[in-house]
Amino acid sequence: MKRQPQIVAVSGFSSNVGKTTLVCELLQQLPGWEAIKLTRGHYRSCGRDPAGCCVSDLLRDEPVVRSGREANYEPGKDTGRFWDSGASNVHWVIVKDGQVEQGINEALARVEA
Numbered sequence: 177m178k179r180q181p182q183i184v185a186v187s188g189f190s191s192n193v194g195k196t197t198l199v200c201e202l203l204q205q206l207p208g209w210e211a212i213k214l215t216r217g218h219y220r221s222c223g224r225d226p227a228g229c230c231v232s233d234l235l236r237d238e239p240v241v242r243s244g245r246e247a248n249y250e251p252g253k254d255t256g257r258f259w260d261s262g263a264s265n266v267h268w269v270i271v272k273d274g275q276v277e278q279g280i281n282e283a284l285a286r287v288e289a
């Protein structure tokens, strides 16, 4: 039977409130932990790009889960910062509103407890 992973959830109401910084500090103190980054996308402007959401081109009919350094390491981005802080794996979940639960469950299934 697979062990259940310990989960710490970090959320916030907007960008630039310290979520990624807190997760990075936790990862530095918790060797071997994995991180899940959830990005909820849509097909309208997210405020950064007037033409659409920054991840709208990544949205699919099913949740997208990118696991492993090759799939989601980008220096300076949240996933890259998680890797640089010592995460043993990073799972980037990219979803539309109705896909959040399914996407999180898919990422959790990939976590090595």
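Mapping of the sequence shown onto our numbering: residues 177 to 289, in sequence order. Using N, Cα and C, we set each Cβ at its ideal position, and we do this for glycine too.
Nearest neighbour of residue i, chosen from the options [CA to CA]
| i | options | result |
| --- | --- | --- |
| A283 | G274, H267, V271, D273 | H267 |
| L206 | F189, G244, W259 | W259 |
| L235 | A247, R216, S243 | R216 |
| G188 | V199, N265, P181, Q180 | V199 |
| I270 | S190, A185, P239 | P239 |
| E246 | L214, S264, R179 | S264 |
| N248 | L202, Q278, L214 | L214 |
| A211 | S243, S191, D233, Q278 | S243 |
Residue i classed as buried or exposed, judged by whether at least 16 other C-beta atoms fall within 10 angstroms
| i | result |
| --- | --- |
| I183 | exposed |
| Q204 | exposed |
| Q275 | buried |
| V287 | buried |
| G279 | buried |
| S261 | buried |
| V186 | exposed |
The alpha helix (DSSP H) enclosing residue i, as first and last residue numbers
| i | result |
| --- | --- |
| I212 | Counting along the chain, I212 falls outside any alpha helix (DSSP H), though it belongs to the beta strand (DSSP E) covering 210-216. |
| I280 | 276-286 |
| R245 | 245-248 |
| V199 | 195-205 |
| R257 | 254-260 |
Residue i, enclosing beta strand (DSSP E) - first and last residue
| i | result |
| --- | --- |
| I270 | 265-271 |
### Query
Is it true that the segment 194-203 meets the segment 247-261, where meeting means three or more beta-carbon pairs spaced less than 8 Å apart?
At 8 Å Cβ cutoff, the stretches touch.
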